[in-house]
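Chemist:
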Amino acid sequence: MSILVDKNTRLVVQGVTGREGLFHTEQMVNYGTQVVAGTRPGKGGEWVLDGKVPVFDSVKVAVEATGANTSIIFVPAKGAKDAMLEAADSGVEFVVCLTEHVPVQDMMIVRSYYDQKGIRLLGPNCPGLLTPGEAKVGIIPGDIAIPGDVGVVSRSGTLTYEVLYALKERGMGASTCVGIGGDPVNGTNFIDCLRMFEEDDQTDRVVMIGEIGGTDEEKAAEFINKHMTKPVVSFIAGKTAPPGKRMGHAGAIVEGGEGTAAEKVKALEKAGVRVADHPEQIAEMLAG
Amino acid sequence: MKLHEYQSKQIFAQYGVPVPKGRVASTPAEARQIAQELGGRVVIKSQVLVGGRGKAGGIKLAKDAEEAEKLAGDILTMTIKGLPVRKVLVDPAAEIKTEIYLGITNDRAARRPVLMGSAAGGVDIEEVAATTPEKIIKVHIDPLMGLQDYQILDMALGIELPKELWGEFNTVCQGLWRAYKESDATLAEINPLAILGDGHLAALDGKMILDENALYRHPELAEKRDLDVEAESEIEANKYGLTYIKLEGEIGCMVNGAGLAMATMDIIKHFGGEPANFLDIGGGATAEKVSAAIRIILKDPNVKAVLFNIFGGITRGDVVAEGILTALDEVKPSVPLVVRLAGTNAAEGRAMLAGANMITAETLAEAAQKAVAAAKGELK
C-alpha cells in the first residue's frame, strides 16, 4: 500500500497543453502513471503526446468520459483559483495544484469551498507526490526514489529531492513522498499525512521536512506525541534565516517570534522526534 | 508590499472611512502651504516604512504654518532606521478622547481573515497583545460570506463602544473590510481609530500590506512601491525573477528552491561558515537568470567563496552549467567557486563544467565543507 496515489489513480491534467503541463504530463506517462485525460477550454477533441492523452474542454466532461478520480493543475496563478474550484465541482476526489504565487485571499476562498465539499486538496505551490514504482503525480523526478517503507512529507520542493536521493543512495526507499507546499493557506497538511502514514501498512517510518514560518510543525509535533507509533525523523530548514525577511516562500516568514527553526526543533524533540542537523543526515538517522 | 500611512489612509477614505483632511508634502514650503489651508495646529508625520517613527522624533506638533515649515524641514532631512524621509504628512491636530485599535489580517492557522479590535489602542498595542491578550477581541470572517453586520456589533460590544457610535463604527469596519478585500491586502490596520473631541470617529493612522502575488490585478497599487525599503541588489534580483536577500557572511550561495536554499545556508553554518546571502533561482532557471545571479552574488565585497547547489527537477543541470560558464566569462571572479549539481541532466552539466576552474563536490555536506575551507583560503 501507499497513500493518496497508486497504480489505480486515474489522472486528469488541467492545463495539459501548456509548456510545463505538456512536459510533465509526458514525464508522468513515462513513469507509468495512468494519465487518462487532459483539459484546455477550446481544445476539446484534440489529443496530445502522439494520441496517448485525449483533451477535453472541462474537467467535468473529462471525468464523465474517462472516470478520472484525481486532478493535477498546471494552470498559471491568474487562473489557479478557478481551476481549483472547477476541479472541486467535477467529481474527482483528490486535487493537486502545483501553481506558485496564488494570491492568499484566493486560497482562503478555495480552501473554504473544499472544506464544505469534503474534497482533498494538495498544494498549491507544491511539487506534488510520488509513490515510487506506481504513480508520479507532479514534478518530483521519478529516478531519485525507489519503493520502500519510508513515508516522506515535506513543505519544500528541491530539499525533498535531496532527501529522497540520499535515501536511495543508502538503498532505502519511500512508500509515498508528499510535497505539501509552503504557502500560508493550502490544502493537505503535515498532520493529514502523518495520520495516513500511521495507518499505511507499507510505511514503517516517516521523514518530515519542515521550514520556518507558521506553527504547522509544532502542531505536527503534538500529533506525533499523542498518536504516532511509527518513528519520525525530521529536518527544519531556516536555522540561519534572519527574522522578518521573506525567503521566497510566502510561508517562510518568521512572524513576531512565531515559527522559528529553534522553536520547531524544540517542539519536535520534545515529542521524541530525532531532528537532523543537515538533510543528508536524515538517511544516516533512519539507518541507525 | 507595504504602503505608507498617507497611501493607506487615501485608500481607506475611498471606502468611506473618515480620515483627517491632511495632505502629503515633499518640501517645507509645501508643508507650510498645507498647514495654512488647514489652519490651526497641525501634526507633521514622517512617511517611512518602519515602526517607531514617533519615538525617533519623526512626528511633531506645529502651532502654525510657520512652525510647520520649520519642523517639516527638520524631518525631511532625517534618516529613520536607515531610511531617508522623503515625504511628510501634514494632518490637522486632533483632540483625542479615546484610542481604539482596529485591524484585519490573515489568520493563517484559521485559514481566514480576522477582524481584531481593542479598546486599548495606540502605540502600545503590541504590548497589550503580549501581556493582556484578552483585551484584543477577534472576529473571524468567512471568506465566502464576507464581514457581516452582526459581527461588527459583536466587536462594538466586545470593545465596549458607546451605543451612539455603532453606526459610524459599522461604516469604518465595512470600509476597512472592503479596502482589505479589494486591494488584496494581507493587513489593513487603523491604529488609532480615535473618538475625537467632537464625538466622532476618525482613522488617525493607517497601515496596509499588500499581497505581492496579487499585485498583477492592482497595477495602480503596484505603482505605489517605495524602492527605498529594498536593497538595490534585491531589486536587481527581482528583475530577473530571482529572490535574493543579502546577509552578513562570507560564503555566497546560489541554490534552486527556497527550502533547499535555506538548508544550504544552514549547512554552511553547521560546518563553521557564514552565508553571505539567500538566493533562490527558482524552477526552470535559464542561463540568463543564472548569469544574473552570479553577478549579483559577486558584487558583495564580503564574499570569499561561492557555493552553487543545484538539485535538478524542473531546473536542468546542463542549462545551469551554461549559465555558470557565461557568467564566469563575463565576470571573471577572483574567489574560489564550489559547484554541486545533482538530479535532472546533472551529468551533462558536470561534463560542461569540467574544463572550468571550479571545485566540485558530490554531496551537499561535501560541498559545504569545501566552500568553508575555500573561504578560509585553505582550498583553491
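Respectively, the protein sequence lines represent chains A and B.
Under this note's numbering, the letters of the first sequence match residues -7 to 280, in that order.
Under this note's numbering, the letters of the second sequence match residues 4 to 383, in that order.
Where a beta carbon is used, it is the ideal one built from N, C-alpha and C, also for glycine.
1) Kindly say whether residue 200 (chain A), judged by its beta-carbon, lies nearer than 9 Å to any beta-carbon of chain B.
2) Give the interface partners of residue 151 (chain A) over in chain B, defined as CB-CB distance under 7 Å, in chain order.
3) Determine whether the beta carbon atoms of residue 363 (chain A) and residue 216 (chain B) lie at a separation below 9 Å.
4) Consult DSSP for residue 138 (chain B) and reduce its assignment to one of helix, strand or coil.
5) Can you tell me which of the three DSSP states residue 246 (chain B) falls into?
6) Quick check: the Cα distance between residue 105 (chain B) and residue 118 (chain B), rounded to an integer number of angstroms?
7) Applying the 10 Å Cβ sphere with the 16-neighbour rule, what's the burial state of residue 143 (chain B)?
8) When the Cα atoms are used, what is the spatial distance from residue 154 (chain A) to residue 340 (chain B)?
9) Determine which residues share a DSSP beta bridge with residue 211 (chain B) and list them.
10) Out of B:23, B:70 and B:13, point me to the one whose CA is closest to residue 33 (chain B)'s CA.
11) By a C-beta neighbour count over all protein chains shown, 10 Å radius and 16 as the cutoff for buried, is residue 134 (chain B) buried or exposed?
12) I want to verify the contact list: residues of chain A whose CB lies under 7 Å from the CB of residue 270 (chain B), in sequence order.
13) Helix, strand or coil, according to DSSP, for residue 241 (chain A) in the structure here?
14) Can you name, in chain order, every residue of its own chain whose Cβ lies under 8 Å from the Cβ of residue 279 (chain A), other than the five neighbours on each side?
15) Looking only at DSSP bridge pairs, what is residue 278 (chain B) linked to?
16) Roughly how many angstroms lie between the CA atoms of residue 199 (chain A) and residue 353 (chain B), to the nearest whole one?
17) Within the 9 Å Cβ cut-off, does residue 298 (chain B) reach chain A?
18) What in chain A is Cβ-close to residue 316 (chain B), meaning under 8 Å?
19) For residue 146 (chain A), which beta-bridge partners are listed by DSSP?
20) Which whole-angstrom value is the C-beta distance of residue 220 (chain B) and residue 100 (chain A), which I expect to be below 8 Å?
21) What distance in whole Å lies between the Cβ atoms of residue 28 (chain B) and residue 97 (chain B), which are believed to be in contact at a cut-off of 8 Å?
22) Taking the continuous alpha helix (DSSP H) assigned at residue 165 (chain B), which residues delimit it?
23) Should residue 7 (chain B) go down as buried or exposed, given a rule of 16 or more other Cβ atoms within 10 Å for buried?
24) Could you tell me whether any Cβ in chain E is nearer than 9 Å to the Cβ of residue 207 (chain A)?
25) I want to verify the contact list: residues of chain B whose CB lies under 9 Å from the CB of residue 157 (chain A), in sequence order.
26) Flag this pair as yes or no: are the beta carbons of residue 114 (chain A) and residue 170 (chain A) separated by less than 9 Å?
27) Measuring straight from C-alpha to C-alpha, what distance separates residue 24 (chain A) and residue -1 (chain A)?
28) If distances are taken between C-alpha atoms only, which option among A:174, A:211 and A:148 comes closest to residue 267 (chain B)?
29) What number of angstroms, rounded off, separates the C-alpha of residue 26 (chain A) from the C-alpha of residue 265 (chain A)?
30) Any beta-carbon of chain A closer than 9 Å to the one on residue 352 (chain B)?
31) Check whether the stretch 79 to 97 of chain B touches the stretch 174 to 193 of chain B, counting contact only when three or more Cβ pairs, one atom from each stretch, lie closer than 8 Å.
32) Run the CB neighbour count on residue 85 (chain B), radius 10 Å, all protein chains shown included, and call it buried at 16 or more, exposed below.
33) Does DSSP classify residue 48 (chain A) as helix, strand or coil?
34) Can you give me, in chain order, the residues of the stretch 216 to 237 of chain A that have a beta carbon less than 7 Å from any beta carbon in chain B?
35) Using the three-state DSSP reduction, which class does residue 248 (chain A) fall into: helix, strand or coil?
36) Ordered along the chain, which non-local residues of its own chain (more than five positions away) have a Cβ less than 8 Å from that of residue 214 (chain A)?
Modeler: In terms of the structure at hand:
1) No - not a single Cβ of chain B is within 9 Å of the one on residue 200 (chain A).
2) By Cβ distance, chain B contributes 260, 262, 263 and 266.
3) Beyond the ends of chain A as shown, which are -7 and 280, falls residue 363 (chain A); an answer cannot be given.
4) Helix.
5) Residue 246 (chain B) carries a strand assignment under DSSP once its states are collapsed to helix, strand and coil.
6) Looking at the two C-alpha atoms, the distance is approximately 7 Å.
7) Per the 10 Å Cβ criterion, exposed.
8) Taking the straight line joining both Cα atoms gives about 21 Å.
9) Looking at the DSSP assignment, residue 211 (chain B) forms a beta bridge with B:6 and B:191.
10) Considering only alpha carbons, the answer is B:70.
11) Within 10 angstroms of the beta-carbon of residue 134 (chain B) lie fewer than 16 other beta-carbons, which makes it exposed.
12) Those are 270, listed as they occur along chain A.
13) Below a pLDDT of 50, predicted positions are generally treated as unreliable, and residue 241 (chain A), at 42, falls in that range; no measurement from the model is reported.
14) For residue 279 (chain A), where only same-chain residues beyond five positions count, the Cβ hits under 8 Å are 162 and 164.
15) In DSSP, residue 278 (chain B) forms a bridge with B:254.
16) In a straight line, the C-alpha of residue 199 (chain A) is about 30 Å away from that of residue 353 (chain B).
17) No, its Cβ sits nowhere closer than 9 Å to a Cβ of chain A.
18) Neighbourhood of residue 316 (chain B) in chain A, by CB distance below 8 Å: 119, 131, 132, 133, 149, 150 and 153, in chain order.
19) A:171 and A:201.
20) Contact between residue 220 (chain B) and residue 100 (chain A) is ruled out by a C-beta separation of about 16 Å, above the 8 Å threshold.
21) About 18 Å separates the beta carbons of residue 97 (chain B) and residue 28 (chain B), which is beyond the 8 Å limit, so they are not a contact pair.
22) Counting along the chain, residue 165 (chain B) falls outside any alpha helix (DSSP H), and DSSP gives it neither H nor E.
23) Residue 7 (chain B) should be labelled buried.
24) Protein chains in the displayed structure are A and B, and chain E is not among them.
25) Here the neighbours are 314, 345 and 346.
26) Cβ atoms of residue 114 (chain A) and residue 170 (chain A): closer than 9 Å.
27) Approximately 8 Å, taken between the alpha carbons.
28) Taking only the C-alpha atoms, the option nearest residue 267 (chain B) is A:148.
29) Taking the straight line from one Cα to the other gives about 36 Å.
30) It does not; no Cβ of chain A falls within 9 Å.
31) Here the stretch 79 to 97 of chain B makes no contact with the stretch 174 to 193 of chain B; the two share fewer than three CB pairs at distances below 8 Å.
32) Result: exposed.
33) Strand at residue 48 (chain A).
34) Listed by position, the residues of the stretch 216 to 237 of chain A near chain B (Cβ gap below 7 Å) are 229, 230, 231, 232, 233, 234 and 237.
35) At residue 248 (chain A), the pLDDT of 40 sits below 50, so the modelled position is not reliable and the matter cannot be decided from this model.
36) Here the set comprises 259 and 263.
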